[in-house]
Each structure stands twice: as C-alpha cells, then as structure tokens.
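A.B. asks: My structure is below; once you've seen it, I'll send some questions.
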Amino acid sequence: MLLVTGCAPALQNKDEVTQGNGEEQTAIIPSYQISENFYRTIVPFEEGKARGMIVSNLNTRYDIVEFETGLMRIAQENFSPETHFFRDGQTLEADVVRSWLSRKYTDAQLAEKEMTAEENLGLNPIDTGEGSVDERNERAPIYLAHIMEQNYLTKKEDNSLQLDGVVIGLALNSVHYYQKEQYGAEYEFTIPDETIEEEGKKIAAQVAARLRAMDKTKNVPVTIALFQQAPKNSVTAGNFIAYTHLDAGETETNDWKNINEEYVLFPSTAAEEAHREDATYFLNFKQDMEKYFDNFNGVIGRALYSGGELSSLKIEIPIQFYGKAEAIGFTQFVTGLVMDHFPAYIPIEVSITSMNGTEALIVKAANAEEPYVHIYE
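Per the working numbering, the sequence shown starts with residue 167, numbered consecutively.
Structure below.
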C-alpha cells in the first residue's frame, strides 16, 4: 500500500509536433501515458467547438461523465490509444449542434419562423400542433438530447498531426419531459427501449450523411455511438446501447454492434435481484465499516456491468472526521476491507469525503496485490 500526500510532479517528457487549421502551430504530445486505457491529449488543449452545451442538455452529472468517458472506451475499438491522440471536437460548431438538436419543421412552420428549407436541420420529430398537449408529446417526443464530437489524431512522418478518426456520441432520452403551460408542472413520457434504439439509428444515418458532406470529415473514419441517458432522478448513469463504424469514405450505417452495459446502484433491490453475489460482497463490506465507525451519512456503490460481468465499482463514503489522524486511520481500515471483501478481479475506486471535501482516494486495479492510496492534505 502506498500513502501519498500533496500534488503529483509535473510531466517533463513531451514530443513537439505541428498542427494547423490554416496556420501552423506547435503542439505537444505528452510522452507519458497514464494507462493503456487513456489517450494522450494534445497540449495546449483545444476547447471543443460545442464546449459547455452538455451541461444543460444532459440530465445528471453521472450521465455527463459516462457519456464522455464511455465514448472514449468505444473509440478504442477502432482508434488505438497507442497510435492515436485525443482532441476535443473541432468540426461541429455550437450553432450547428444547436440546429441539429431542434425539431424538424413543417413548411408552414418554416414560413412562420421566416426560415429557409436549408435551415430546417432539426433531427428531432415534427410537432404538428395537432391534438392535446399529451398526444403531441407522446406522438413526437424529443429523442435526441445532445451530440458530442471527439477527434482522434495520428502523427505523420513529417512530424505533423492529421485527423484520422471522428467519434460522435448521440445522447438519447429515455424519458421525455414537457409542460402543458409555460410555468406549469412538468410531465413525463417514458420512451420504450426499442423506440429509443430505432430512432437513434435513424438519426445516426442522417448524421453520417451530413458528416460525409463536410470537407473535414468526408474521407475520415467515423464511429457513431448511441447513449441512452437516465431519468432526471436517477443516481446512476445511463449507458451506451450500440455503435456503428464507417471506414474512410463509407456512408452507410448498416453494421451496428450492440453494447451490453448497465450501471447498478449498491445497495438496492435491483442489485440484490440481478446481482445477488456482488450485492452480498458490498453489504458485508458496509456492515464491517459500521461495526467500528458509526458516524456515516451513508455509503453507496455504483457498479458498471459489461456483458453481465462486473467490470468496475466506484464507492463513495461520506463521513464526519474530527481530525486528520482519524481520517488516516479510517482510510487504512477501509483499504483492508476493500482487499478482504471483494474478488481480486474487480477494479475498485473508493472516495472518502467529509464536509471539508475529499479526504482520501483508494484505487485497486484488477488483480493488483496492493492498492494505491492517496491521503489529501
């Protein structure tokens, strides 16, 4: 076990390259890679063209994190972290994303809004205005909540970078929220899973066609993934359900691969019913903590299952400490419980927090003999 305090040293190793969108600029590729599961990122960091929109478009912070990091996991299927470098999306401007997220309009609605047919770019269904508010929203819910773009670059022989992959994430609503009057109550319409996937694939086909019509992306490999976001009141993230990959110049989105992932909350009835053995590991871990430390506000775990198997577990422990020595002692105690109660193959991350913020972080990699432990000053 390694106890660390303070800040990590700055990275010194780097590789200078040139990149440019019309102008040559010097950029840096860090030589150090945190792990084989993370891409090296071009420095200075280029903010995405649609930066910030995700915060208002997705329901929870769990969805925001999973949408971005999960998209990076999917990217690795076709763009290796060994040869590709990450850059935030530089093709889709914010106004383009905004126009694609809107509804499609009828000719009469276009005339009323004084818009041209070329501006009628909405990927969400037309609301004709016919019928009651409930009928209209159930007939034509908002399926597409957000579009995220990630770029993957490779280094050429002349030490310059080229765009060699674009990954697009389409965040789809599992629940459509609407109001019957401007400041009235919010109503919900649950969208069936099969409808979410069907409509998502239709939207993906349109996105692919539009990308192929753009100069920057017409001959670049493209991956498009469908993410089903969780309802607003969920304490776990949504999940990716499928993705398709188009080689350079390819236009058809017919070859879809299903993604069998889901997040499960511990403790919960759903966890006990679907994953009883893992739920028992967690409950025994929790009970052993409570035997010796009773000033808990609650401990929860968020587990990611891939193909029905537990692939990662993140545990949050909020507790009130009355001194640094107590925090250190508790962290050591919890570290021992992590090693004792969970199978070695499960990667686990434990965050211990108090009213003052994060007190400690425990990270156990899959099959690691010893965990990494960081005590914050």
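The C-beta atom is built at its ideal place from N, Cα and C for all residues, glycine as well.
Contact between the stretch 394-407 and the stretch 435-444 is defined here as three or more beta-carbon pairs at a separation below 8 Å; is this criterion met?
C.D. replies: Contact between the stretch 394-407 and the stretch 435-444 is absent, because fewer than three Cβ pairs lie under 8 Å.
A.B. asks: Tell me which residue opens and which closes the beta strand (DSSP E) that N405 is part of.
C.D. replies: Element bounds for N405: N405 to L412.
A.B. asks: Indicate the three-state DSSP secondary structure (helix, strand or coil) for M314 in the structure shown.
C.D. replies: Residue state, collapsed to three classes: strand.
A.B. asks: Taking 7 Å as the limit between beta carbons, can you name the residues of its chain near M380, skipping five residues before and five after?
C.D. replies: Correct list, in chain order: T257.
A.B. asks: For the stretch 469-480 and the stretch 426-440, state whether three or more C-beta atom pairs, one from each stretch, are separated by less than 8 Å.
C.D. replies: Verdict: yes, contact present.
A.B. asks: Going by the CB atoms, is the gap between G288 and H312 shorter than 9 Å?
C.D. replies: For H312 and G288, no; Cβs fall outside 9 Å.
A.B. asks: How is F233 classed by DSSP in three states: helix, strand or coil?
C.D. replies: Residue state, collapsed to three classes: helix.
A.B. asks: Between which residues of its own chain and A437 is the CB-CB distance below 6 Å, once the five residues before and five after are set aside?
C.D. replies: So the qualifying residues of the chain are V430 and A445.
A.B. asks: Could you check whether the Cβ of I313 sits closer than 8 Å to any heavy atom belonging to the ligand MG?
C.D. replies: What this structure holds is no ligand at all, so the ligand MG is not there to describe.
A.B. asks: Ends of the beta strand (DSSP E) at T356?
C.D. replies: Element bounds for T356: E352 to T356.
A.B. asks: How big is the Cα-Cα spacing for N579 and T519?
C.D. replies: Outside the shown range of the chain, which is 167 to 543, sits residue 579, and nothing can be said about it.
A.B. asks: Helix, strand or coil for R227? Go by DSSP, reduced to three states.
C.D. replies: R227 falls in the helix class under three-state DSSP.
A.B. asks: R206 and F251 look like a contact to me (Cβ under 8 Å); what is the Cβ gap, rounded to whole Å?
C.D. replies: Rounded, the Cβ-Cβ distance is 5 Å, consistent with contact.
A.B. asks: With a 10 Å radius around its C-beta and 16 neighbouring C-beta atoms as the bar for buried, classify F204 as buried or exposed.
C.D. replies: It counts as exposed.
A.B. asks: Report yes if the C-beta distance between L527 and E535 is below 9 Å; otherwise report no.
C.D. replies: Their beta carbons are not under 9 Å apart, which means L527 does not touch E535 by this criterion.
A.B. asks: Who are G331's beta bridge partners in DSSP?
C.D. replies: BP columns for G331 point to Y318.
A.B. asks: What is the residue span of the alpha helix (DSSP H) that G495 lies within?
C.D. replies: K490 to H507 is the span of the alpha helix (DSSP H), which, as asked, contains G495.
A.B. asks: When DSSP labels each residue in this structure, what does N339 get in the three-state scheme?
C.D. replies: It is a strand residue.
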